[in-house]
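So the structure is just underneath, and the comments pick up after that.
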Amino acid sequence: MEKTTSKNHCCPVCKTSIGFLSKKVECSSCKLTVCRDHSVMHENSNRFCNICEKNLLKKQFFPDVAFHIKSLKSDLEYLEKEKSKIRNEVLCKNDTVSRLEKQYKSNLAIYEEKLETLNKKILQEQNKIISEQKLIVHLQQSLVESQKSEEAMVEKLNSLMQEAHKAKLDLEEMTENQKFLIGQIDKLNSELRGLAPLSRLTPISCPSCKKNIKYKFYEVFQTAFILEGRESFGSLISQANKTTSETEVKPYSLCKACNIF
Numbered sequence: 001m002e003k004t005t006s007k008n009h010c011c012p013v014c015k016t017s018i019g020f021l022s023k024k025v026e027c028s029s030c031k032l033t034v035c036r037d038h039s040v041m042h043e044n045s046n047r048f049c050n051i052c053e054k055n056l057l058k059k060q061f062f063p064d065v066a067f068h069i070k071s072l073k074s075d076l077e078y079l080e081k082e083k084s085k086i087r088n089e090v091l092c093k094n095d096t097v098s099r100l101e102k103q104y105k106s107n108l109a110i111y112e113e114k115l116e117t118l119n120k121k122i123l124q125e126q127n128k129i130i131s132e133q134k135l136i137v138h139l140q141q142s143l144v145e146s147q148k149s150e151e152a153m154v155e156k157l158n159s160l161m162q163e164a165h166k167a168k169l170d171l172e173e174m175t176e177n178q179k180f181l182i183g184q185i186d187k188l189n190s191e192l193r194g195l196a197p198l199s200r201l202t203p204i205s206c207p208s209c210k211k212n213i214k215y216k217f218y219e220v221f222q223t224a225f226i227l228e229g230r231e232s233f234g235s236l237i238s239q240a241n242k243t244t245s246e247t248e249v250k251p252y253s254l255c256k257a258c259n260i261f
């Protein structure tokens with residue numbers, strides 16, 4: 001419960017002057033005004049200054065602390081007696097330990113001698129094992145290399161077999177294409193044999209017709225002439241051009257076919 005007053009007071013805890021605007025409370029026990037920071041709120045909403053809180057805690061816990069101190073003193077006396085008893089036991093055991101240490105040192109010397117002999121034998125066996133392991137590793141590496149070589153040979157053989165199969169298919173395809181081309185050439189030969197000779201067609205053709213004949217049917221006539229052993233189509237065109245240029249009167253005249261179309 002906060003309380004304000006016009007008079008100046010000093011906090012009994014921190015000895016600081018408490019002004020009109022200072023945060024202050026009234027102690028529920030001693031009824032003195034103290035700083036709010038030097039007070040404690042209990043569950044029952046009562047506030048106690050730090051001094052009264054300390055005294056309250058002393059009254060509350062002192063009986064238990066006094067009993068605990070008395071119990072600790074009793075335990076301390078018992079422990080002192082046990083300490084003396086244990087000290088005597090330790091002295092007795094120290095004598096036993098000294099005797100055992102002498103026996104241990106004697107046995108240790110014998111043990112170290114035997115251990116050295118056994119270590120030499122172990123070292124020999126380890127060297128032998130290492131040598132055998134190296135041999136095993138070498139044999140394993142040789143086996144792995146052999147397996148890799150075998151796998152490479154198998155892969156190469158499979159690749160060659162695939163290439164041979166592909167070549168066989170390509171050969172069959174080329175044979176079929178050859179048969180087809182021969183048939184086409186024979187057909188073209190038959191058709192070309194029924195046509196009028198080119199030397200008779202070109203003189204009556206205008207420049208436009210000759211140009212069309214030269215570029216549209218060049219490969220057809222060239223193939224036919226080569227197969228028949230005749231003069232090449234290019235030379236025949238040149239000859240026809242020469243003949244036409246000699247007989248040509250009008251440079252831009254068109255033939256009857258061009259005039260019709």
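Every letter in the sequence shown is one number past the one before it in the UniProt record's numbering, and letter 218, counting from 1, is 218. The C-beta atom is built at its ideal place from N, Cα and C for all residues, glycine as well.
With fewer than 16 other CB atoms across the displayed protein chains lying within 10 angstroms of its CB, residue 182 is exposed. For residue 24, the enclosing beta strand (DSSP E) has its first and last residue at 24-26. Here residue 33 is buried, its C-beta having at least 16 other C-beta atoms within 10 Å. Note on residue 99: under 16 other CB atoms within 10 angstroms of its CB, so exposed under the neighbour-count rule. Assigned with DSSP and collapsed to three states, residue 39 falls in strand. Comparing C-alpha distances from residue 52 to each of 29, 9, 121 and 170 shows the shortest one belongs to 29. For residue 14, the secondary structure class from DSSP, reduced to helix, strand or coil, is coil. Shown here, residue 180 sits in a helix according to DSSP, grouped into three states. Separation of the CB atoms of residue 35 and residue 23 is rounded to 7 angstroms, and the pair is thereby assigned contact status at 8 angstroms. Assigned with DSSP and collapsed to three states, residue 48 falls in strand. Rounded to the nearest whole angstrom, the C-alpha separation of residue 14 and residue 31 is 16 angstroms. If one requires a minimum length of 3 residues, no beta strand (DSSP E) run lies completely within the region 78-152.
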